[in-house]
Amino acid sequence: MLEKKHIKFFERILPKDFVFSEPGDCWAYGYDNSKMHVMPECVLFAKDSLQVQDVVKYCYNNNLPITTRGRGTGNTGGSVPIDNSIVLSLEKMNKIVEIDVKNRLAIVQPGVINKVLQDELKKLNFFWGPDPSSQDYSTIGGNIANNSAGPRAIKYGTPRDNILGIEFISGTGQIFKTGVKTSKGVVGLDLTRIFPGSEGILGILTKATLKILPLNNSVRTIEITFNNFDEASQTIISLMTQPLTPYKLEFIDEESIKLINTIKKNHYDESARSAVLLEIDGENEYIDLMLDKILKIIKKNKYNKLTVANEKIEVERLWEARKSLSPALREIGGYKINEDIAVPISNLTKLLSSLDKISKKYNIKIVNFGHAGNGNIHVNLLFKTEEEKKSNNSKNCLDEIFNLVIGLDGTLSGEHGIGIIKKQYLEKEINKETLKLMKNIKKQFDPKNILNTNKSI
Ligand SMILES: Cc1cc2nc3c(=O)[nH]c(=O)nc-3n(C[C@H](O)[C@H](O)[C@H](O)COP(=O)(O)OP(=O)(O)OC[C@H]3O[C@@H](n4cnc5c(N)ncnc54)[C@H](O)[C@@H]3O)c2cc1C
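For the record, in the sequence shown the residue sitting at position 423 is 423 according to our numbering, with numbers rising by one throughout.
1) Consult DSSP for Gly373 and reduce its assignment to one of helix, strand or coil.
2) With H, G and I counted as helix, E and B as strand and the rest as coil, what does DSSP make of Asp281?
3) In chain order, what are the residue ranges of uninterrupted beta strand (DSSP E) at least 3 long that sit wholly in the stretch 316-391?
4) Okay, do the stretch 11-21 and the stretch 30-47 touch, 3+ Cβ pairs below 8 Å being the bar?
5) Alpha carbon to alpha carbon, how far is Asn321 from Asp131?
6) Given 8 Å as the limit, is there contact between the stretch 434-447 and the stretch 91-98, that is, 3 or more CB pairs closer than that?
7) So which of Pro246, Asn403, Leu289 and Ala208 has the shortest CA-CA distance to Val276?
8) Go through the stretch 5-81 residue by residue and report every complete run of the beta strand (DSSP E) that reaches 3 residues or more, in order.
9) Taking only beta-carbon positions, decide if Arg69 is within less than 8 Å of chain C.
10) Any contact of the stretch 171-180 with the stretch 445-455, i.e. 3+ C-beta pairs under 8 Å?
11) Nearest-angstrom Cα distance between Tyr335 and Leu215?
12) Restricting to Cα atoms, I'd like to know which of Lys184, Lys123, Ile345 and Lys122 is closest to Leu249.
13) In its own chain, which residues sit with a C-beta less than 8 Å from the C-beta of Asn228, not counting the 5 before and 5 after it?
14) By a C-beta neighbour count over all protein chains shown, 10 Å radius and 16 as the cutoff for buried, is Asp292 buried or exposed?
15) Got a sec? Which residues, its chain only, sit under 8 Å from Gly203 by beta carbon, not counting five neighbours each side?
16) Mind reading off the beta-carbon distance from Val379 to Leu348? Whole number of angstroms is fine, and I expect it under 8 Å.
17) Let me know the beta strand (DSSP E) ranges lying completely inside the stretch 400-450, each 3 residues or longer, listed in chain order.
18) Compare the beta carbon distance of Phe544 and Leu325 with 8 Å and say whether it is the shorter of the two.
19) By the three-class DSSP mapping on this structure, what secondary structure does Gly141 have?
20) When the Cα atoms are used, what is the spatial distance from Lys422 to Ser238?
21) Considering Ser89, what are the terminal residues of the beta strand (DSSP E) in which it resides?
22) Assuming Ser381 and Ile366 form a contact by the criterion Cβ under 8 Å, report the distance between their Cβ atoms to the nearest whole angstrom.
23) According to DSSP, is Val116 helix, strand or coil?
24) Give me the Cα-Cα distance between Gly375 and Glu400, rounded to the nearest whole angstrom.
25) To which residues of the same chain is Pro65 closer than 6 Å at the C-beta, ignoring the five residues directly before and after it?
26) Taking 8 Å as the threshold (C-beta atoms), are Leu289 and Ile222 in contact?
27) CB-CB under 7 Å to Met240, same chain, minus the five flanking residues each way: which ones, in chain order?
Written out as structure tokens, the structure reads:
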């Protein structure tokens, strides 16, 4: 139980309405998209780095754990206060400090919503690469902490590829600045890029200098269906082994096709067993030349049906089908485990055929789709009841899937991170010595282990 004196201290140093301790006010800050919920003892807000620093210094001196929170859209319990800790929400630190197109950079506070930044950049014909589907709600701080990205990561990368520098508060309450404002820089160790994917365990990000890029003014969208997933994999590989990298390259398996067809009546032909949705981007004058080139590459492979969307309405129809998958999964009800593993794309066929066998072996329906160009597949295990989801059968199935992924040189998480939900599987991918090294690094940043304690590593 958090002593009253601590809450009184926070009320003294923070503005009015920046400290919540009533359960009714705190409740909504106790969960994320993992559906875990732990009631915080108190919720704090900050509007600048100095306020964050004051809070962390006090927590350091009093051994109080802190859970950092963006908007709580994470999938793995990262912003859930599992130790009933103080939640520090950065949603009020939402200023875009500077957009500097000449130097291709933007400086933002961590609570800026991804979409808000993209909208401001779009006015200047620029964009920031990372585009998670949650971009209307999730924050840049959360995006960086989880290294979150979406379909265009294949061409424009994740936060790790699109960050130049950061300001952060360490677990002792010290303020640090890392990185550069240039596209090159080799002075000292790269402490900037250790942050993307570190899930808030090293420090609290209070400012980020992001690399931004000019927007291409044209896009072409293509949907291809296949007679089996091997044909789809071969096309994905041939698209990735030529110089015209797609802007987006999404894969949809047979079960996903069936699901989409229940919502978007007969979007796909009955014969379609898997599908790829891809886009290329470029300048107006070149885009149709690029399209011809991409179509030639696709046509060298086996496929079932090829659709090129020429009108905006047709583009929207193709994307709506892809986007209807998550709601469709929700609609069939039941209970789901959503994994986001990634494998080298040359192993996609092996992955998909083995997942098919695992699905039959455990009698669990598995629906696969995702960012094919990154080999990042959302593997959804569907159950009819909560008991089935929590059963040993389900645990063994998941265990076999993770072993398969590691055996295929893949990774347990392409974009959602480890948080608390996946911690039990960490040692499948990271050996004990490496994990020890990581924990020692955490100790340097957070010697009393008060930041997102017991998460990620
Ligand atoms: C509908 C939906 C769609 C999604 N689609 C995608 C997708 O396409 N791709 C994808 O990668 N993810 C996706 N996600 C997951 C989620 O949106 C991302 O992980 C997102 O980046 C989390 O941002 P957030 O602001 O909600 O952070 P939170 O969930 O609040 O926090 C996430 C982690 O970051 C830490 N953190 C937050 N802010 C800071 C900070 N300033 N300093 C240090 N640590 C911090 C937290 O402690 C926590 O560990 C989706 C989620 C939903 C609900």
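Beta carbons are placed, not taken as given, at the ideal position from N, Cα and C, and that holds for glycine.
Walking through what the data contain:
1) Here residue 373 refers to the residue found at position 373 of the sequence shown. Three-state DSSP puts Gly373 in a helix.
2) By one-based count along the sequence shown, residue 281 stands at place 281. Here Asp281 sits in strand by DSSP.
3) Within the stretch 316-391, complete beta strand (DSSP E) segments of at least 3 residues are found at 335-342, 365-371 and 376-383, given in chain order.
4) yes
5) The residue labelled residue 321 in the question sits at position 321 within the sequence shown. The residue labelled residue 131 in the question sits at position 131 within the sequence shown. The question names Asn, yet the displayed sequence has Ala at residue 321. Each residue's Cα considered, the two are about 19 Å apart.
6) no
7) The count along the sequence shown starts at 1 and reaches residue 276 at position 276. Checked all of Pro246, Asn403, Leu289 and Ala208; the closest Cα to Val276 is Pro246.
8) 42-45 and 66-69
9) Within the model displayed, chain C is absent; a lone protein chain is all it includes.
10) yes
11) Indexing the sequence shown from 1 puts residue 335 at position 335. Indexing the sequence shown from 1 puts residue 215 at position 215. One C-alpha to the other measures close to 40 Å.
12) Residue 249 sits at position 249 when you count from the first residue of the sequence shown. When each option's Cα is compared against that of Leu249, the closest is Ile345.
13) What you label residue 228 is simply residue 228 of the sequence shown in a count that begins at 1. Cβ within range, chain order: Arg273 and Ser274.
14) Along the sequence shown, one-based indexing puts residue 292 at 292. Classification of Asp292: exposed, given that the 10 Å Cβ count is below 16.
15) As a working note, residue 203 is residue 203 in the sequence shown. Closer than 8 Å at Cβ, skipping near neighbours: Phe168, Ile169, Ser170, Gly171, Phe176, Phe195, Phe445, Asp446 and Leu451.
16) Counting from 1 along the sequence shown, the entry for residue 379 is found at position 379. Counting from 1 along the sequence shown, the entry for residue 348 is found at position 348. With a Cβ gap of about 12 Å, Val379 and Leu348 do not count as contacting.
17) none
18) Only positions 1 to 457 of the chain appear in the structure, and residue 544 is not among them; the question remains open.
19) Position 141 of the sequence shown holds residue 141. In this structure, Gly141 counts as helix in the three-state DSSP scheme.
20) Residue 422 sits at position 422 when you count from the first residue of the sequence shown. Residue 238 sits at position 238 when you count from the first residue of the sequence shown. Taking the straight line joining both Cα atoms gives about 33 Å.
21) Numbered from its first residue, the sequence shown carries residue 89 at position 89. Residues Ile86 to Ser89.
22) Numbered from its first residue, the sequence shown carries residue 381 at position 381. Numbered from its first residue, the sequence shown carries residue 366 at position 366. Residue identity check: residue 381 is Leu in the sequence provided, not Ser. Indeed they touch by this definition, with Cβ atoms about 6 Å apart.
23) Taking the sequence shown and counting its residues from 1, one reaches residue 116 at position 116. DSSP places Val116 in helix when its eight states are reduced to three.
24) As a working mapping, residue 375 is identified with position 375 in the sequence shown. As a working mapping, residue 400 is identified with position 400 in the sequence shown. Each residue's Cα considered, the two are about 19 Å apart.
25) Here residue 65 corresponds to residue number 65 of the sequence shown, with the count starting at 1. Contacts found: Asp83, Ser85, Ile450 and Thr453.
26) To locate residue 222, count along the sequence shown from 1; it is residue 222. To locate residue 289, count along the sequence shown from 1; it is residue 289. Not in contact: Ile222 and Leu289 (Cβ atoms no closer than 8 Å).
27) Residue mapping note: residue 240 aligns to position 240 of the sequence shown, counting from 1. Around Met240: Ile345 and Gly373.
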